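The working numbering puts the first residue of the sequence shown at 140, with every later residue one more than the last. We put the beta carbon where it would ideally sit given N, CA and C, even for glycine. All values reported here derive from a predicted model rather than from experimental measurement.
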Amino acid sequence: MKLTTMQASEFKKMFMTGADNLANNVDLVNALNVFPVPDGDTGTNMNMTFQSGVASMMESSTHSVGELATKVAKGLLMGARGNSGVILSQIFRGFSQAIADLESLDSQSFAKAFMGGVESAYKAVMKPVEGTILTVARESALRGEKKAQQTEDIVEVMESIVKGAQESLDHTPELLPVLKQVGVVDSGGKGLLCIYEGFLASLTGQSLTEKEEASVNQHAHAIFEEKNEHPVRMEDITFGYCTEIMVRISQDYSKHQVFNYEDFRQTLNKMGDSLLVVADDEIIKVHVHTEDPGKVMQLGQSYGELIKVKVENMREQVRSLEAKEEALKQPSDLLSEHPVQEKEFAIIAVASGQGLIDLFKSMGVSYVIAGGQTMNPSTQDFVEAMDQVHAKNILILPNNKNIQMAAEQATQVAQVPAKVVATKSITQGIAAMLMFNPEASIEENQEIMQNYAQSTASGQITTAIRDSQINDISIKENDFMAILDGNIILADEDLSYVLKTLILEMIEDDSELVTLIVGETGSQALADEIEAVLQESHPDIEVEVIQGDQPVYQYFVSVD
């Protein structure tokens with residue numbers, strides 16, 4: 140079958156088939172997790188995100204491919220769940236922008252759309268990592284672009300894109316050492332391949348069936364930790380001034396340079412780290428950590444007028460944080476002394492389990508979104524929550540690293556100042572709430588809450604869903620696993636042994652408090668037993684047991 144011009148009807152069918160193929164393979168993509176924890180939800184997140192985009196498209200009766208693509212992108216944006224869903228939404232945001240004004244597509248514009256998706260996705264990720272969905276998107280789009288120079292047949296272009304995606308996916312272990320160590324590939328890339336295979340099936344008329352479970356061992360996703368962006372120790376600081384500027388781009392080229400995003404970003408990249416640049420035709424927004432804020436401002440002024448400038452001395456912030464941490468050793472209750480003033484501030488947190496929901500509300504959280512592992516809230520969920528709290532300033536605690544990007548995306552469309560406190564666990568969220576100060580600015584609260592939360596060790600107990608080998612740890616299905624700051628440190632069939640070992644690993648010489656949060660499948664009796672053991676072995680340490688009712692994890696543990 141040859142197709143030289145794609146009309147709206149073919150475009151709709153292509154996206155519907157892509158969505159169907161991803162949906163048919165959700166369980167497979169979910170299972171592709173090198174860690175045998177029951178939270179492999181990449182497939183679920185990508186599926187729900189993509190289904191949201193297709194649903195938005197189906198509401199339109201337009202005959203313009205460009206308008207349909209815009210509807211898809213809007214639906215994906217608001218329905219994005221988890222990091223994989225957010226990146227997927229950015230891929231198709233760029234895809235739609237590249238063809239927004241077109242009524243139909245030829246092979247050249249079809250390939251251009253995929254390249255637009257790659258550019259958008261790479262810009263959205265602060266520190267792009269090769270060997271992930273980004274690599275699969277980029278290398279497959281390049282194959283499509285090359286093919287479009289040789290043929291007018293859109294089907295042939297899509298065949299090249301699918302072939303490029305498959306080869307790229309198979310090559311990811313060569314790009315990420317952690318993948319090569321276990322001999323697997325990226326699940327986000329696999330999910331994208333499923334969509335592209337659906338696109339091709341629609342164009343050729345072939346049928347697609349769910350993949351065999353045997354391919355699980357060949358396609359899996361490795362979890363690895365990100366380096367904390369915000370320093371908590373003086374020695375962590377290389378560039379000491381957190382600098383933010385906003386520039387109104389001038390059209391007076393006799394006085395100002397013509398703005399080029401890539402040139403501008405590369406120049407800033409040489410001035411520091413933690414760089415974020417967002418720009419449109421009128422405004423440039425910059426966040427960077429640098430040793431010379433003046434040079435950043437001068438660079439901004441070369442393109443137009445500075446309309447906002449903010450510089451914070453991070454070394455001074457660390458000094459302040461150290462002083463507050465010292466003050467925490469004395470009995471105090473910041474929240475009772477300074478109750479949350481909802482008209483000025485609202486805090487939104489993500490948690491699952493009635494006990495945890497009640498706990499966060501008691502600490503001053505205004506709105507709790509039900510969610511967490513296996514149930515990631517969407518960008519739309521955060522937007523709706525922000526509308527409900529009616530506050531001048533909003534802080535969001537995602538309490539899960541896979542929820543952070545959706546939260547960040549929601550703050551970009553917020554009607555009021557909104558910031559994400561990058562909490563990666565429930566225990567970090569609880570720690571962050573202890574540092575909230577309603578008399579401070581939203582930026583100050585974000586910095587202090589985030590720094591303190593990320594200095595808090597997080598322990599978790601959950602059940603292995605399959606046999607596995609992680610580094611030197613042999614794991615059997617149904618073993619209880621101890622996870623410390625994202626790393627599996629022990630697996631055994633004896634829950635009491637695993638929990639005690641985890642807590643003892645977390646206790647240090649200056650530890651004062653162990654907090655044990657019991658999940659819906661955890662044992663209160665075991666928690667009481669652990670408390671008694673610790674009181675005998677560590678009489679100077681206080682033990683607090685909380686009924687959290689959280690799913691998936693029998694226990695959360697923090698030690699302060």
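Nearest-angstrom Cβ-Cβ length linking residue i and residue j, presumed shorter than 8 angstroms
i       : j       : result
Val-653 : Ile-685 : Not confirmed; about 11 angstroms, so no contact.
Gln-693 : Leu-495 : Contact flag wrong, Cβ pair sits at about 14 angstroms.
Phe-231 : Gly-256 : 6 angstroms
Ala-490 : Ser-517 : Rounded, the Cβ-Cβ distance is 16 angstroms, inconsistent with contact.
Val-696 : Ile-642 : 6 angstroms
His-395 : Ser-441 : 6 angstroms
Ser-228 : Thr-274 : About 18 angstroms separates the two Cβ atoms, so there is no contact after all.
Ile-646 : Val-698 : 6 angstroms
Ala-509 : Ile-535 : Rounded, the Cβ-Cβ distance is 15 angstroms, inconsistent with contact.
Leu-308 : Gly-328 : 5 angstroms
Val-204 : Met-145 : 6 angstroms
Residue i burial status per 10 Å Cβ neighbour count (16 or more: buried)
i       : result
Val-301 : buried
Asn-610 : exposed
Asn-538 : buried
Glu-349 : For Glu-349, the predicted structure reports a pLDDT of 42, less than 50, and the residue's modelled location is therefore unreliable. The matter cannot be settled from this model.
Thr-429 : buried
Gln-589 : buried
Glu-547 : buried
Asn-515 : buried
Glu-675 : exposed
Met-446 : It should be noted that the sequence gives Ile, not Met, for residue 446. So Ile-446 ends up on the exposed side.
Val-397 : exposed
Asn-399 : exposed
Ala-630 : buried
Glu-284 : buried
Met-140 : exposed
Gln-543 : buried
Arg-282 : buried
Lys-266 : exposed
Asn-408 : exposed
Tyr-636 : exposed
Thr-201 : exposed
Glu-586 : buried
Thr-181 : buried
Ala-671 : exposed
Residue closest to residue i, alpha-carbon to alpha-carbon, out of the options
i       : options                            : result
Ser-259 : Thr-274, Gly-233, Thr-290, Met-197 : Gly-233
Ala-219 : Ala-239, Glu-206, Thr-183          : Thr-183
Gln-519 : Met-217, Asn-160, Arg-277          : Met-217
Asp-679 : Arg-277, Ala-485, Asp-648, Phe-484 : Asp-648
Lys-639 : Asp-624, Leu-665, Glu-616, Asn-626 : Leu-665
His-511 : Thr-144, Gly-568, Leu-167, Gly-379 : Checking the sequence shown, residue 511 turns out to be Gly, not His. Here the closest residue by C-alpha is Gly-568.
Ser-148 : Met-620, Leu-207, His-677, His-529 : Leu-207
His-310 : Glu-278, Asn-222, Asn-576          : Glu-278
Gly-157 : Arg-605, His-529, Gly-192          : Gly-192
Asp-633 : Asp-618, Ile-486, Ala-509          : Asp-618
Leu-215 : Lys-434, Asn-626, Met-196, Gln-289 : Met-196
Ile-604 : Phe-338, Lys-615, Thr-595          : Lys-615
Ile-226 : Ile-627, Ile-669, Leu-331          : Leu-331
Ile-334 : Val-507, Asn-186, Met-145          : Asn-186
Ala-340 : Ile-376, Met-297, Asp-180          : Met-297
Gln-551 : Glu-670, Thr-406, Thr-377, Ala-263 : Ala-263
Thr-566 : Leu-498, Tyr-506, Val-528          : Leu-498
Thr-595 : Leu-573, Ser-580, Val-637, Gln-608 : Leu-573
Ala-304 : Gly-221, Ile-272, Phe-154          : Ile-272
Lys-563 : Val-507, Val-427, Lys-540, Leu-314 : Lys-540
Lys-434 : Glu-306, Ser-299, Thr-406, Ser-346 : Thr-406
Sequence-distant residues of the same chain with beta carbon closer than 8 angstroms to residue i, five excluded per side
i       : result
Glu-659 : Gly-492, Asp-688, Gln-689, Pro-690
Leu-142 : Glu-149, Asp-292, Ile-293, Val-294, Leu-342
Glu-483 : Ala-530, Lys-531, Asn-532, Pro-577
Gln-190 : Ala-158, Ala-162, Gly-218
Val-673 : At residue 673 the sequence reads Leu, which differs from the Val that was named. Excluding residues within five positions, the ones whose Cβ falls inside 8 angstroms are Ile-642, Val-653, Ile-680, Val-682.
Glu-351 : Note that Glu-351 has pLDDT 37, beneath the 50 cutoff, so the model's placement of it is unreliable and the number below is only indicative. Closer than 8 angstroms at Cβ, skipping near neighbours: no residue.
Val-555 : Met-525, Ala-530, Lys-531, Asn-532, Ile-533
Residue i at chain B interface by Cβ criterion, 8 angstroms
i       : result
Gln-543 : Among the chains in the structure shown there is no chain B, since it carries only a single protein chain.
Contacts around residue i, its chain only, beta-carbon distance under 6 angstroms, and the 5 residues preceding and following it disregarded
i       : result
Ala-252 : Phe-234, Ala-237, Ile-238
Val-448 : Ile-384
Val-479 : In this prediction, Val-479 has a pLDDT of 43, which is less than 50 and means its spatial position is unreliable; nothing more can be read from the coordinates.
Asp-606 : Lys-615, Glu-616
Cut-off 7 angstroms between Cβ atoms - residues of its own chain near residue i, not counting five sequence neighbours on either side
i       : result
Pro-432 : Tyr-380, Thr-382, Val-450
Lys-213 : Ser-195
Arg-387 : Glu-421, Ile-422, Gly-443, Glu-444, Ile-446
Practice task
Taking 8 angstroms as the threshold, find out whether the stretch 239 to 249 comes into contact with the stretch 285 to 300 through three or more Cβ pairs.
Solution key: With a cut-off of 8 angstroms, the stretch 285 to 300 and the stretch 239 to 249 count as touching, because enough Cβ pairs lie within range.
Handout entry: the stretch 159 to 166 contacting the stretch 520 to 532, beta-carbon criterion three pairs below 8 angstroms
Key = Under the Cβ criterion (8 angstroms, minimum of three pairs), the stretch 159 to 166 does not count as touching the stretch 520 to 532.
Exercise for the section: Flag this pair as touching only if the stretch 584 to 600 and the stretch 617 to 625 have three or more C-beta atom pairs under 8 angstroms; answer yes or no. Expected result: They touch, by the three-pair rule.
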